[in-house]
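Below is one structure; the comments refer to it alone.
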Amino acid sequence: MATTPADDHSMALGIDIGGTGIKGAPVDLRTGELAAPRHYLATPRPATPDAVAAAVRELRDHFADVPATTPVGVTVPAVVRRGVVRTAANIDPVWIGTHGVNLFTDALGVPVTLLNDADAAGLAEIALGAGRDAEGVVLVVTLGTGIGSALFVDGRLVPNTELGHLTIDGVDCCPWASAAARVQENLSWAQWVSRLQDYLAYAESLLWPDLVIIGGGISADADQFLPLLQLEAPVVRARMGNDSGIIGAAFEAHAAVVRA
Ligand code: BGC
1238 MATTPADDHS
1248 MALGIDIGGT
1258 GIKGAPVDLR
1268 TGELAAPRHY
1278 LATPRPATPD
1288 AVAAAVRELR
1298 DHFADVPATT
1308 PVGVTVPAVV
1318 RRGVVRTAAN
1328 IDPVWIGTHG
1338 VNLFTDALGV
1348 PVTLLNDADA
1358 AGLAEIALGA
1368 GRDAEGVVLV
1378 VTLGTGIGSA
1388 LFVDGRLVPN
1398 TELGHLTIDG
1408 VDCCPWASAA
1418 ARVQENLSWA
1428 QWVSRLQDYL
1438 AYAESLLWPD
1448 LVIIGGGISA
1458 DADQFLPLLQ
1468 LEAPVVRARM
1478 GNDSGIIGAA
1488 FEAHAAVVRA
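According to this note's numbering, the sequence shown is numbered sequentially starting from 1238.
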């Protein structure tokens, strides 16, 4: 570990919960870099709140050098309002109505900040990545198992937009145009890009963003699809990579401490 300052608010722990894995790391808030290699655990099956809370505890314990008072931010692939998980598109439905903040705060013994995974990734992009200094309306779209969205207006997040679930001709775009759909349905890049184009054009017609940032694991293959997209707004690849959720969660945890 590079540094573990005792109590100077320069570090927060970010934990990103996904359908297959839970990953986390302490983040240096001055640079947005991980202060220690990230740790990964498989998401428990079934991914009930108690089982996931135990895994998050195990992940926290892995970073024994990180001071106990270090703020913790946790993401979930779901809507989070006032600490309560409200949807469960890609997670166990038993999460709906769970007070996630209380669950994780009890599990870790420190106040936890909980937010949507795409919102966290977007916060990292806006702070340090492709959305840095961007003005106006910025739409961050994460393409993975599902489609996540994070909407910013002059750098401020409008949380829980869930634009991945826009419907076209009655079809939920989330499973239809996600990165997973390309693999599961064995689509060519051209076939998949055609879906993505329809999806993004529809989102653009509703929001008229000034900038669109595409994140998620597939952004590593941006050359295969970004040049084919035709939108009014510039479309760029996310820059923060796979750790954007961890970094955004850590930033948000720190921001919550500052606001308190
Ligand atoms: C969920 C979103 C999430 C996205 C990416 C969607 O199915 O509804 O909350 O951000 O997947 O994980």
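For glycine and all other residues, C-beta sits at the position ideal for the given N, C-alpha and C.
Being a predicted model, the structure only gives us computed values, none of them experimental.
{"Query": "For ALA1284, collect the residues of the same chain with a Cβ closer than 7 Å to its Cβ; drop the 5 residues on either side in sequence, then sort them by chain order.", "Result": "ILE1328, ASP1329"}
{"Query": "What do you get for HIS1246, buried or exposed, if any count of 16 or more other CB atoms within 10 angstroms of its CB means buried?", "Result": "exposed"}
{"Query": "Which residues in the same chain as LEU1340 place their Cβ atom closer than 7 Å to its Cβ, once the five residues preceding and following it in sequence are excluded?", "Result": "PRO1286, ALA1290"}
{"Query": "Leaving aside the five residues before and after PHE1389 along the sequence, list all residues of the same chain whose C-beta is less than 6 Å from its C-beta, in chain order.", "Result": "ILE1363, VAL1375"}
{"Query": "Report the rounded CA-to-CA distance for ALA1493 versus ILE1254, giving the unit in angstroms.", "Result": "19 Å"}
{"Query": "Assuming ALA1279 and PHE1300 form a contact by the criterion Cβ under 8 Å, report the distance between their Cβ atoms to the nearest whole angstrom.", "Result": "Not a contact, Cβ separation roughly 18 Å."}
{"Query": "Answer with buried or exposed for ASP1244, where buried requires no fewer than 16 other C-beta atoms within 10 angstroms of its C-beta.", "Result": "Since pLDDT at ASP1244 reaches only 47, below the 50 mark, its modelled position is unreliable, and no value is offered."}
{"Query": "So, GLY1373 versus PRO1446, is the Cβ gap smaller than 9 Å?", "Result": "yes"}
{"Query": "What residue range is occupied by the uninterrupted alpha helix (DSSP H) comprising ALA1357?", "Result": "1354 to 1365"}
{"Query": "Taking 9 Å as the cut-off, decide whether the C-beta atoms of ARG1275 and ILE1483 are in contact.", "Result": "yes"}
{"Query": "Can you tell me where the beta strand (DSSP E) with ALA1279 in it begins and where it stops?", "Result": "1276 to 1279"}
{"Query": "Would you list, in sequence order, the uninterrupted alpha helix (DSSP H) runs of no fewer than 4 residues that lie entirely inside the region 1418 to 1449?", "Result": "1426 to 1444"}
{"Query": "In or out: LEU1465 buried (at least 16 other Cβ within 10 Å) or exposed?", "Result": "exposed"}
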